[in-house]
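Below: the structure, in structure tokens.
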Amino acid sequence: MKKFLALLHREWWEWRRTVLGTLMVYGFLLALSLVPACRIQDFESSNVHFGSEWSQHDEHDTGRNLMQQIFDQGWDGTEEMLVDNPKIVLKPYSHGLLAGFHSLAVLILFISLFYFSDALFKERNDGSTLYIRSLPVGDHSILLSKIISGLLAIAGLTLIMTMLAMIHARLLLWVVSSDFSGAIAPVLGQIKTMDYFLDLIVYLLVSLIWLSPLFMYLIFISATVRNRPLVIGIGGPILLFIFLQVVFRNHDLAASVGEIFSSIAAMISDQMLNISHNDSKGSYEILGSFWSYLFSVRTAISIVVAGLFYGGALFMYRRNVSTA
Amino acid sequence: MEQLIELTNVRKSYGSTVAIDNISLQIPPGRIVGVIGPNGAGKTTLLHALTGLINYEGKINILGIEPKQNRPALMEQTGVIHDISVLPSWMIVKQVLSFHESLHTGFDRQRCESLLSKTDITLDRKVKQLSKGMKTQLHLSLVLATDTKLLVLDEPTHGLDILFRKQLYSSVLEDFFDQNKTILIATHQVEEVEHILSDVIFISRGKLVLYSSIEELQERYIQVIAPNDQAESIRALKPLVELNLIGKKLFLLENVAGADLQKYGEVRTPGIADIFVATMGGDA
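Going line by line, the protein sequences match chains Z and W.
The first sequence begins at 86 in the working numbering and counts up by one.
The second sequence begins at 24 in the working numbering and counts up by one.
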């Protein structure tokens with residue numbers, strides 16, 4: 086175990102700049118977005134009338150009435166109205182989180198493509214694989230340390246960036262209007278934050294398992310090719326999809342790969358917009374449960390496919406000592 | 024005598040190219056063995072097989088361990104330096120030491136730092152900031168500070184200047200070698216290692232051409248420098264090599280007594296390089 090932790094530590098030394106840099110850039114961009122928000126005037130100074138075209142739904146009618154009340158009479162009584170109709174706050178809040186979450190997922194997926202395609206290739210290319218493998222540590226440990234480091238980094242980055250995004254959302258609301266922020270604070274305070282993050286961890290676990298065939302495929306490419314692993318790893322399948330489409334008019338393979346991403350997006354959308362209320366505690370859960378997704382056929386298939394790619398990667402890693 | 028390394032019919036091929044062709048040999052502990060062969064002879068492939076880096080046919084037993092089946096256990100007892108600079112270039116020297124310490128139970132960090140203190144390498148420098156010679160010094164310090172029974176050096180002086188070369192081999196002798204340890208040195212530069220070797224293995228085109236101790240070699244081969252008019256007489260003894268010198272000829276002969284040659288001219292013990300060239304024929 087001590088040796089495995091040393092391998093994980095080594096990965097941290099190698100990639101910490103990327104991880105911390107990503108967090109710093111993300112944090113900086115979030116902070117930067119507060120600057121234009123400061124220029125937005127309070128609702129009170131606008132003399133806007135919300136027409137009936139704003140929404141046809143009852144819930145949104147309540148929202149429209151609320152907004153109109155704020156413009157007509159100020160913030161008095163708003164807080165009570167929001168507590169009575171919390172979904173006016175929770176739904177847009179969930180949608181905002183969901184939109185942020187999807188953007189985060191794309192960003193982190195992008196980074197993970199670089200990591201997994203480079204993980205073994207980099208040390209094969211600079212010859213350091215010869216040093217690592219002259220140490221008393223097995224090939225499984227080396228490979229697993231790379232994979233687990235990547236998965237931990239993805240999960241860690243997602244959780245920390247989600248926290249930053251939630252803090253940013255509250256700050257943004259406060260900057261735009263401190264009165265509005267104060268009015269919605271009691272409702273947002275009822276969100277079970279700890280539950281939210283625990284659910285998020287299960288969601289990440291499911292997502293990572295569903296994405297593991299992609300990651301293992303890239304590890305396999307990383308152990309196999311002599312140059313440009315990312316280009317070959319991504320470009321190869323794209324060319325194959327185009328070939329299958331042009332020659333055989335068949336897009337099943339492309340569709341099934343696309344379905345991995347769409348099913349992950351659908352999973353979070355379904356569970357994030359499904360707000361539930363715990364009457365006894367008076368609290369709200371804005372994220373549903375992901376356990377049923379964990380125990381699914383897709384999970385089983387993903388593990389089998391990832392296992393096959395892992396076996397291939399191990400075989401190629403042992404066969405291709407270096408890129409030379 | 025118990026053998027430290029035993030190879031039985033070891034073979035490795037890449038497609039139709041045979042890199043190691045049915046090699047069998049035994050090496051006892053306490054030897055310094057030179058694995059000598061021309062470029063592409065299969066030296067590195069043999070060392071990769073010995074250190075469990077590649078799969079192979081046949082059997083290898085090192086310290087009771089089959090390398091391809093249990094490389095980590097073998098590496099607990101083995102230090103390896105490869106022909107190219109293989110330490111991760113992005114690492115800081117002290118990170119390399121910590122990493123090595125975490126993975127190798129036999130690593131003595133204080134000793135390594137003491138060895139490094141004799142060099143210009145500082146702990147806070149990145150590996151990529153070091154010169155090629157310094158990288159080799161760092162790797163050598165790591166290996167010498169690790170308690171192992173076998174040291175495998177694959178062209179360790181490749182690309183280094185003459186000072187570093189001399190320094191490297193004297194460090195290996197002073198700081199590593201004793202009667203319980205064995206050193207394997209693969210090189211095609213015979214001259215720079217012949218003074219420290221106890222045994223030599225000649226490899227050509229994946230085949231074991233010769234495996235002998237230096238003493239046996241010196242008894243078996245002999246050189247004579249004779250005037251041109253003695254050439255015909257010496258040719259009758261079937262010399263392995265005949266070279267023209269100024270007004271003289273140099274012959275290298277096998278299994279001929281020195282006393283029988285003294286009547287022709289100056290008799291002397293050949294260097295490993297001479298024997299290597301002779302035994303390799305046109306391959307070297």
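Don't be surprised by glycine CBs; every beta carbon is placed ideally from N, CA and C.
Query, Result
"Segment contact flag, the segment 167-184 of chain Z with the segment 369-384 of chain Z, C-beta cutoff 8 angstroms, min 3 pairs", "yes"
"Residues in the segment 293-313 of chain Z having any Cβ partner in chain W nearer than 7 angstroms", "none"
"Simplified DSSP state of K277 of chain Z, which is helix, strand or coil", "coil"
"V316 of chain Z - DSSP class collapsed to helix/strand/coil", "helix"
"Proximal residues of chain Z, C-beta to C-beta of E99 of chain W below 8 angstroms", "P221"
"DSSP bridge partner residues for K82 of chain W (one or two, in chain order)", "W:T31"
"8 angstroms Cβ cutoff, Y216 of chain Z in contact with chain W", "yes"
"Proximity winner among W:I208, W:P262, W:Q246, W:I298, relative to L73 of chain W (alpha-carbon distances)", "W:I208"
"Neighbourhood of N405 of chain Z by C-beta distance below 7 angstroms, restricted to the same chain and skipping five residues each side", "R209, A308, T309"
"Neighbour-count burial assignment, Y200 of chain Z, 16 or more Cβ in a 10 Å radius", "buried"
"7 angstroms Cβ shell around R403 of chain Z - same chain, five flanking residues per side excluded", "D224"
"Outcome for M248 of chain Z when other beta-carbon atoms lying within 10 angstroms are tallied against a minimum of 16", "exposed"
"Helix, strand or coil at I219 of chain W [DSSP, three-state]", "coil"
"Per-residue contacts from D280 of chain Z into chain W (C-beta, under 7 angstroms)", "Neighbours of D280 of chain Z on chain W: none; closest Cβ ~38 angstroms, over 7 angstroms."
"Interfacial residues, the segment 136-162 of chain W to chain Z, with Cβ spacing under 8 angstroms", "H162"
"Cβ-based neighbour list, V119 of chain W, same chain, cut-off 8 angstroms, excluding 5 preceding and 5 following", "L110, P111, V150, L161, L165"
"Same chain only: Cβ atoms within 6 angstroms of G81 of chain W, ignoring 5 sequence neighbours per side", "T31, N32, V33, R34"
"Which of helix, strand or coil DSSP assigns to N267 of chain W", "strand"
"Chain-ordered neighbours of I107 of chain W on chain Z, where CB pairs are closer than 7 angstroms", "G212"
"Chain W contact residues for R334 of chain Z, given Cβ-Cβ distances below 9 angstroms", "Under the 9 angstroms cutoff, chain W gives no residues; its nearest Cβ is about 38 angstroms from R334 of chain Z."
"As assigned by DSSP and simplified to three states, the class of N45 of chain W", "strand"
"Interface partners of P95 of chain W on chain Z, CB under 7 angstroms", "P221, V222, G223"
"Cut-off 7 angstroms between Cβ atoms - residues of its own chain near E138 of chain Z, not counting five sequence neighbours on either side", "A caution first: E138 of chain Z carries a pLDDT of 46, below 50, which makes its placement in the model unreliable, though a value can still be read off. The answer is none, since no qualifying residue turns up."
"The segment 250-270 of chain Z contacting the segment 209-218 of chain Z, beta-carbon criterion three pairs below 8 angstroms", "no"
"F89 of chain Z vs S213 of chain Z beta-carbon contact at 8 angstroms", "no"
"Segments of 3+ residues assigned as beta strand (DSSP E) that fall wholly inside the segment 182-245 of chain W", "205-210, 222-227, 230-236"
"Nearest neighbour of G57 of chain W, chosen from W:G75, W:L97, W:H218 [CA to CA]", "W:H218"
"Close Cβ partners of L108 of chain Z (< 8 angstroms) along its chain, the five nearest in sequence each way excluded", "L242, I245, M246, L249"
"Reduced DSSP secondary structure (H/G/I, E/B, other) of A301 of chain W", "helix"
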